[in-house]
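Each residue of the sequence shown is one higher than the one before, counting from 162 in the working numbering. Virtual Cβ for every residue (Gly too), placed ideally from N, Cα, C. Notes follow once the structure below has been shown.
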Amino acid sequence: MTSITVGLGARAYEVEIGENLVEAAGRKIAPLLKRARVAVVSDTNVWGLHGARLSAALAGSGIEAHPIVLPPGEQTKSFEGLATLSDRLLELGLDRGDLIVAFGGGVIGDLAGFAAAIYKRGIDFVQIPTTLLAQVDSSVGGKTAIDTARGKNLIGAFHQPRLVLADLDLLDTLADREMRAGYAEVIKYGLLGDFAFFEWLEANGAAVLGREPKALSHAVTRSVQMKAEIVAEDETEQGRRALLNLGHTFAHALEAETGYGEDLLHGEAVGAGMALALRFSAARNLCSSQDAHRAETVIAAAGLATTLVQIPGHPFAVERLIAHMAQDKKAEDGRLTFILARKLGGAFVAKDVDAAAVRSFLVAEGARS
Numbered sequence: 162m163t164s165i166t167v168g169l170g171a172r173a174y175e176v177e178i179g180e181n182l183v184e185a186a187g188r189k190i191a192p193l194l195k196r197a198r199v200a201v202v203s204d205t206n207v208w209g210l211h212g213a214r215l216s217a218a219l220a221g222s223g224i225e226a227h228p229i230v231l232p233p234g235e236q237t238k239s240f241e242g243l244a245t246l247s248d249r250l251l252e253l254g255l256d257r258g259d260l261i262v263a264f265g266g267g268v269i270g271d272l273a274g275f276a277a278a279i280y281k282r283g284i285d286f287v288q289i290p291t292t293l294l295a296q297v298d299s300s301v302g303g304k305t306a307i308d309t310a311r312g313k314n315l316i317g318a319f320h321q322p323r324l325v326l327a328d329l330d331l332l333d334t335l336a337d338r339e340m341r342a343g344y345a346e347v348i349k350y351g352l353l354g355d356f357a358f359f360e361w362l363e364a365n366g367a368a369v370l371g372r373e374p375k376a377l378s379h380a381v382t383r384s385v386q387m388k389a390e391i392v393a394e395d396e397t398e399q400g401r402r403a404l405l406n407l408g409h410t411f412a413h414a415l416e417a418e419t420g421y422g423e424d425l426l427h428g429e430a431v432g433a434g435m436a437l438a439l440r441f442s443a444a445r446n447l448c449s450s451q452d453a454h455r456a457e458t459v460i461a462a463a464g465l466a467t468t469l470v471q472i473p474g475h476p477f478a479v480e481r482l483i484a485h486m487a488q489d490k491k492a493e494d495g496r497l498t499f500i501l502a503r504k505l506g507g508a509f510v511a512k513d514v515d516a517a518a519v520r521s522f523l524v525a526e527g528a529r530s
């Protein structure tokens, strides 16, 4: 097992990465409790596969677990889903000394974390992420949110977990499509700031996607190390942490246009968004076309879309995409902000990007003018 500290002073916490961590969950969570009682938020897919394991682990440490099992999918991460979850928490009578366990992928982690942030003005929570995407990205760093019709993650809070248990065994049952979607976030870390890791992924991507234990462990560990370092430096995304949004401005616009449904998973959108961001960088002479092509090759090799044409719903209306980008959390005073690249491993925050340049680029990429 590897343990990585997210260094936030008195609010520091550990991200533990390894095998059989679900079985160890009871003894690891018990020291965090004022009374031996937790609410476990999950979805029907995860709970059906792994709920008995977690229930047994908690019971083995004398912890009374109350499961709240929600429908799977991005649509659950909504005002309606938040209302349902909040009502269930109130029904259970949780108080501010209790704790929520988020047991699922990014949707459950974001929703349960946001509920924890606002329930009686804040209670503790623990993340047990069950997807590759959640293990390498969304479970670490305290970003919690829900989606709205106007955009993704626009209503939320920074609320750090007390502990993250990334059990690699949980990925054995993950669908191949979900593995590919999560792998997009792994590629992101190589593109934004660790070129050596990017080169390692070029050589070992198939092993990671094939769940080869050593390769998978290294990919998750290195991703979390980078995320933890960035979060410790810039918890509330005032500077460097914004780099973690590489590809996300394009991605969130595409997700909004496809309705946050099964047609386009978040990681799939990020993969396409990163390819678009690198090509846009090349079009603005910020990086070489060779670098953009190399990034696109790694993304495509993972079975991910790299162009608008490959995404369900094509052709997209360029003005609708631009409108979604204007609602992005990184936008300021109506100005578009993108994470672009000067080289592979050399991402930077580009503020006040010319909307006309983005519009022309998207039309050239196949969007409808």
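Nearest candidate by alpha-carbon position, reference residue i, set the options
i	options	result
residue 199	438, 287 and 492	287
residue 233	271, 393 and 529	271
residue 218	465, 238, 369 and 191	191
residue 412	399, 364 and 432	432
residue 378	350, 305 and 179	179
residue 269	295, 248 and 278	295
residue 465	369, 186 and 428	428
residue 354	500, 230 and 201	500
residue 267	417, 238, 468 and 498	238
residue 502	530, 470 and 450	450
residue 467	485, 248, 345 and 211	345
residue 339	438, 435, 463 and 497	463
The beta strand (DSSP E) enclosing residue i, as first and last residue numbers
i	result
residue 174	174-179
residue 288	285-290
residue 478	Premise fails: residue 478 is in no beta strand (DSSP E) and is neither H nor E.
residue 513	507-514
residue 298	Run containing residue 298: none; DSSP gives neither H nor E here.
Residue i and residue j closer than 8 angstroms at C-beta
i	j	result
residue 456	residue 352	yes
residue 348	residue 510	no
residue 410	residue 474	no
residue 389	residue 301	yes
residue 508	residue 407	yes
residue 194	residue 250	no
residue 265	residue 307	no
residue 205	residue 319	no
C-alpha distance - residue i paired with residue j, whole-angstrom precision
i	j	result
residue 214	residue 333	14 angstroms
residue 164	residue 480	45 angstroms
residue 483	residue 520	7 angstroms
residue 461	residue 424	18 angstroms
residue 477	residue 525	12 angstroms
residue 331	residue 183	9 angstroms
residue 329	residue 181	8 angstroms
residue 488	residue 309	11 angstroms
residue 228	residue 216	9 angstroms
residue 442	residue 399	22 angstroms
residue 392	residue 317	17 angstroms
residue 293	residue 321	19 angstroms
residue 374	residue 402	29 angstroms
residue 366	residue 231	33 angstroms
residue 284	residue 342	31 angstroms
residue 197	residue 244	25 angstroms
Whole-Å CB distance - residue i paired with residue j, under 8 angstroms assumed
i	j	result
residue 440	residue 453	5 angstroms
residue 263	residue 273	4 angstroms
residue 359	residue 383	Not confirmed; about 11 angstroms, so no contact.
Boundaries (first-last residue) of the alpha helix (DSSP H) holding residue i
i	result
residue 339	337-354
residue 374	374-394
residue 411	409-418
residue 248	240-253
residue 320	Residue 320 -> no alpha helix (DSSP H), and no H or E assigned at all.
residue 205	205-221
residue 131	As shown, the chain starts at 162 and ends at 530. That puts residue 131 outside it, with no answer to give.
residue 190	186-190
residue 460	450-462
residue 501	Per DSSP, residue 501 belongs to no alpha helix (DSSP H); it is in the beta strand (DSSP E), 497-504.
Residue i Cβ short of 7 angstroms to the ligand FAD heavy atom set
i	result
residue 435	As for the ligand FAD, it is missing from this structure, which has no ligand bound.
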